[in-house]
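Enquirer: I'd like to ask you about the structure that follows.
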Amino acid sequence: MKKPRYYKEGYPCGFRLITTITAAFLIAPALVVVLTSFNSAPYLSFPLKGFSVQWIIAYLKSALFTQSFTLSLLLAAAAAIGALLLGVPAAIAIVRVRFPGKDLLQALLVAPLMLPGAVIGLALYAYYVNIGALMRTFPGLLVGHIIVAMPFVIITVVGALSSFDMDIENAARTLGANAIQAFFKATLPNIYPSIMVGGFLAFIYSFGQFAVSFYLSTPDLEPLPMALYSTLRFAHDPRVAAAGTVAVVIVISSMLIINRFTDLDKWFAGFRF
Amino acid sequence: MIRVSREKKTAFLAIPALVFFIFFFIVPIFTLLALAFNPKALGSIAIQPVFTLDNFKLFFSFPIYRQSLFNSLWLASAATAVCLLVGYPVAYTIARTPSKRVQAFLVILVFSSMQIDLTVRIFGYLTILGDNGLINGTLIRAGILSRRLPLMYNSFGAIVGLVNLSLPFLILPLIGIIESISPDLLNVARLLGCNRWKGFLKVELPLSLPGIITGVLFAFAISMSSYLIPVLLGGWGSAVLPVYVYQQISNQGLWQRGSAFAVVLLLTNLIVVFALIRYYSRAYTRRLMAA
């Protein structure tokens, strides 16, 4: 198809320059971290002192990796699954049904993204202490992570469902499928990329989550970002850079994989306040 | 008929999430609220049946606390403004670029920067902005500067960090909205005598307002709540409200005061969010009426 003429005329002037600079700005810290982690000197210095994997190895051997990384991985996976199990049905109800307070419900489920994570963690901790359960436990921490991860599932799945053509599901029903069959055979195959993306975002957000863990974690239940913060607070430690490199590799490679089977730019498309 | 009954049943799907949020979000927030109105009790978090405004009075009677609220507001506003100025062109480029490759590259970049651990990104900024960091070190060695630029432990460092933190949340909602504006409208505008910039300002910018509002809300709320960035990149000169929440609780063991400070933070956030949404819906209705 021929592109409309305005496309060829490009963008309002200056946009391309701003975009290039911003892209560099966004990626600069990650780039520096990766370079530091492979530098043989403990600090980043140009020209680089030499290539070395000693910090990566030191990181992989330390408790940062063996305990905190594993804990974060487990926590993030559980949080993503929890957010999906609760969020996907809720998103379906929000998009498909008219009921009183539906906008309020959507606002409630997205609210954690707009509230200070540390305040949510603090509120949960105060609540746990007052009911005398869950404080300083893995489930207690997990609950906090599910709460802050939920908005990502709601935003992506509500977005996908609102732009989904209901005629497809209706056609399935006309052809004799019952409501549940129609949903699983006609709708779900069409929206599952968004569900996966929502779950993936929830996973990564929980994995990098600092704020909500702040009041909920304990020294022997310390997710990676907390552990990195404790390390970084007292000394400049190149193992933090190594941890960063591992995280950068995980994030970018999973982005590339996700990009294979869904349109990245559509992720937030259908969502409106 | 079948569809109506099915619709009603579908509503029950929201119940698990609703119950979960009532028990682990709404009730905890109310616990915090109750705690904030309790008289101070060193080291205790149990809710007492006595209510008082003391904690809030204390907050507003000490200049450093009021100043911290002001710092929070100013840093968050500045960061949001910068985000909008640089984020909009990025979202626009992503939405309108004819090359699928450029688009995928930029989106992956934005998403990755959002998902990379915040502590790690701050570590990167410490290396770039520090006194012996990449910028200062390079410029001094090249003889361009004789003295170090103060890039960190001030508002500048905090704003750089906050923009990095919240920019993706502003860009992403905008992309879809700009994409949904038909380029045909621009062609019409051109026929009516608008140049590229005028077409953008009169057609695309107003139509993308919902995305701008969503993005601004995210960016503001996220900057406002950040603890880590102001502490590690902003230094004590720009101590923000979350810092004093932490100080009251962890250093002094005064949960009631900390909770009250947290409630002040929460309310400020909510007021700004509601004001923006109201302003937006009113502006939107006015435009519809005019049209």
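From first to last, the protein sequence lines stand for chains P and Y.
This note's numbering puts the first sequence at residues 1 to 273.
This note's numbering puts the second sequence at residues 1001 to 1291.
Where a beta carbon is used, it is the ideal one built from N, C-alpha and C, also for glycine.
#1: Going by CA-CA distance only, name the one from 1071(Y), 1243(Y), 1260(Y), 1112(Y) that's closest to residue 201(P).
#2: Starting from residue 236(P), trace the alpha helix (DSSP H) both ways and give me its first and last residue.
#3: Comparing the C-beta of residue 151(P) with each C-beta of chain Y, is any distance below 7 Å?
#4: Looking at the structure shown, is residue 1119(Y) part of a helix, part of a strand, or coil, going by DSSP?
#5: Out of 60(P), 255(P), 142(P), 228(P), which has the shortest C-alpha to C-alpha gap to residue 80(P)?
#6: Spell out whether any CB of chain B is found under 7 Å from the CB atom of residue 53(P).
#7: In the DSSP assignment, find the unbroken alpha helix (DSSP H) run with residue 25(P) in it and report its ends.
#8: Say whether chain P places a C-beta atom closer than 7 Å to the C-beta of residue 1004(Y).
#9: Quick check on the DSSP output: the alpha helix (DSSP H) that includes residue 1223(Y) runs from which residue to which?
#10: Got a sec? Which residues, its chain only, sit under 8 Å from residue 181(P) by beta carbon, not counting five neighbours each side?
#11: Is there at least one Cβ from chain P nearer than 7 Å to residue 1017(Y)'s Cβ?
#12: Tell me where the alpha helix (DSSP H) around residue 1040(Y) begins and ends.
#13: Beta-carbon separation of residue 56(P) and residue 242(P) under 7 Å?
#14: Between the segment 1219–1231 of chain Y and the segment 1069–1077 of chain Y, do three or more beta carbon pairs fall short of 8 Å?
#15: Mapping the DSSP letters down to three states, classify residue 1084(Y) as helix, strand or coil.
#16: Does residue 1140(Y) come within less than 7 Å of chain P when only Cβ atoms are used?
#17: What residue range is occupied by the uninterrupted alpha helix (DSSP H) comprising residue 1197(Y)?
#18: Check residue 134(P) in the structure and name its three-state DSSP category.
#19: Residues of chain Y with CB under 9 Å from residue 87(P), in chain order?
#20: Would a check of beta-carbon distances place residue 1123(Y) closer than 7 Å to chain P?
#21: Over the uninterrupted alpha helix (DSSP H) stretch that includes residue 167(P), give me the two end residues.
#22: Establish whether the CB of residue 208(P) and some CB of chain Y are separated by less than 7 Å.
#23: When you compare only the Cα positions, how much space is there between residue 1022(Y) and residue 58(P)?
Expert: Once the coordinates are examined:
#1: Numbered from its first residue, the first sequence carries residue 201(P) at position 201. Cα-wise, what sits closest to residue 201(P) is 1112(Y).
#2: The residue labelled residue 236(P) in the question sits at position 236 within the first sequence. Looking at the DSSP string, residue 236(P) is not in any alpha helix (DSSP H), and its letter there is neither H nor E.
#3: Taking the first residue of the first sequence as 1, we reach residue 151(P) at position 151. Not an interface residue.
#4: In the second sequence, the residue the question calls residue 1119(Y) occupies position 119. Residue 1119(Y) sits in a helix when the DSSP states are folded into three classes.
#5: As a first step, residue 80(P) is located in the first sequence; it is residue number 80 there, counting from the start. Among 60(P), 255(P), 142(P), 228(P), the Cα nearest to that of residue 80(P) is on 142(P).
#6: The structure shown contains no chain B; the protein chains it does contain are P and Y.
#7: By one-based count along the first sequence, residue 25(P) stands at place 25. Taken as a continuous stretch (DSSP letters only), the alpha helix (DSSP H) holding residue 25(P) covers 15–38.
#8: As a working mapping, residue 1004(Y) is identified with position 4 in the second sequence. Note that residue 1004(Y) scores a pLDDT of 40, beneath 50, so its modelled location is shaky; the value from the coordinates is reported in the next line. Residue contact check for residue 1004(Y) against chain P: no CB pair falls below 7 Å.
#9: Taking the second sequence and counting its residues from 1, one reaches residue 1223(Y) at position 223. Counting along the chain, the alpha helix (DSSP H) containing residue 1223(Y) begins and ends at 1209–1225.
#10: Within the first sequence, the letter at position 181 stands for residue 181(P). Closer than 8 Å at the Cβ level, and outside the excluded window around residue 181(P), lie 172.
#11: Translated into positions along the second sequence, residue 1017(Y) becomes position 17. So, interface residue.
#12: Counting from 1 along the second sequence, the entry for residue 1040(Y) is found at position 40. Counting along the chain, residue 1040(Y) falls outside any alpha helix (DSSP H), and DSSP gives it neither H nor E.
#13: Here residue 56(P) refers to the residue found at position 56 of the first sequence. Here residue 242(P) refers to the residue found at position 242 of the first sequence. Cβ atoms of residue 56(P) and residue 242(P): closer than 7 Å.
#14: The answer is yes - the segment 1069–1077 of chain Y touches the segment 1219–1231 of chain Y, with three or more Cβ pairs under 8 Å.
#15: Translated into the one-based positions of the second sequence, residue 1084(Y) becomes position 84. Correct three-state label for residue 1084(Y): helix.
#16: Walking along the second sequence from the start, residue 1140(Y) turns up at place 140. With 7 Å as the cut-off, residue 1140(Y) does not count as an interface residue toward chain P.
#17: Position 197 of the second sequence, counting from 1, holds the residue named residue 1197(Y). Run containing residue 1197(Y): 1196–1199, per the alpha helix (DSSP H) assignment.
#18: Here residue 134(P) is taken as the residue at index 134 of the first sequence, counted from 1. Residue 134(P) falls in the coil class under three-state DSSP.
#19: For the purposes of this step, residue 87(P) is identified with residue 87 of the first sequence, where counting begins at 1. Going along chain Y in sequence order, the residues near residue 87(P) (Cβ under 9 Å) are 1017.
#20: Taking the second sequence and counting its residues from 1, one reaches residue 1123(Y) at position 123. Answer yes: the Cβ-Cβ gap between residue 1123(Y) and chain P drops below 7 Å somewhere.
#21: Within the first sequence, residue 167(P) is the residue found at index 167, counting from 1. Note, residue 167(P): alpha helix (DSSP H), 166–174.
#22: The residue labelled residue 208(P) in the question sits at position 208 within the first sequence. For residue 208(P), the answer is yes, since a Cβ of chain Y falls inside 7 Å of its Cβ.
#23: Locating residue 1022(Y) in the second sequence gives position 22, counting from the first residue. Locating residue 58(P) in the first sequence gives position 58, counting from the first residue. Near 44 Å, if we compare the C-alpha coordinates of residue 58(P) and residue 1022(Y).
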